[in-house]
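Contents: one structure, followed by commentary.
In my numbering, the protein residues as written are 30 to 184.
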């Protein structure tokens with residue numbers, strides 16, 4: 030995995046989250062994550078195709094997903110991920126990955142993204158076999174985290 034590729038994901042994620050929610054995430058310690066991927070959180074899966082091929086999983090705690098969805102809906106309280114809440118979370122992740130694709134394009138690396146798939150529930154298990162999963166934690170003042178987990182192969 031190339032460090033300069035990971036930087037595109039970091040830049041897009043922090044910028045889009047700040048612009049759409051007003052929250053200012055700080056980068057935590059980037060590291061390797063094990064598979065299978067186990068979670069009780071809200072996961073958004075987006076595929077990558079083109080020069081690099083793989084998956085990105087954006088992982089929110091339920092509370093953070095509610096908070097982000099509420100901010101994206103101009104402060105309307107969100108206490109469950111109904112259709113509107115899932116739509117807001119999906120759109121945020123789509124914007125993050127769209128911006129990531131633009132940053133890659135500016136570096137001469139063409140990629141496409143798939144529409145987001147939102148997974149919620151208890152004891153979710155997701156196996157990603159393409160390559161190592163790099164975990165990019167985005168930390169917030171209240172101690173909550175959004176993880177951007179990246180797995181790809183360079184073609």
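Every residue, glycine too, gets a C-beta built ideally from N, C-alpha and C.
Residue from the options whose Cα sits closest to the Cα of residue i
{"i": "residue 162", "options": "59, 45, 54, 48", "result": "59"}
{"i": "residue 54", "options": "140, 97, 168", "result": "168"}
{"i": "residue 76", "options": "174, 125, 171", "result": "125"}
{"i": "residue 107", "options": "95, 52, 34", "result": "95"}
{"i": "residue 45", "options": "160, 146, 179, 131", "result": "131"}
Outcome for residue i when other beta-carbon atoms lying within 10 angstroms are tallied against a minimum of 16
{"i": "residue 151", "result": "exposed"}
{"i": "residue 129", "result": "buried"}
{"i": "residue 105", "result": "exposed"}
{"i": "residue 72", "result": "buried"}
{"i": "residue 141", "result": "exposed"}
{"i": "residue 97", "result": "buried"}
Reduced DSSP category for residue i - H, G, I as helix; E, B as strand; rest coil
{"i": "residue 176", "result": "strand"}
{"i": "residue 23", "result": "Residue numbering for the chain in the displayed model covers 30 to 184; residue 23 lies beyond these limits and cannot be assessed."}
{"i": "residue 35", "result": "helix"}
Those residues which DSSP pairs with residue i across a bridge
{"i": "residue 51", "result": "None; residue 51 has no bridge partner."}
{"i": "residue 84", "result": "76, 180"}
{"i": "residue 144", "result": "DSSP output for residue 144 lists no bridge partner at all."}
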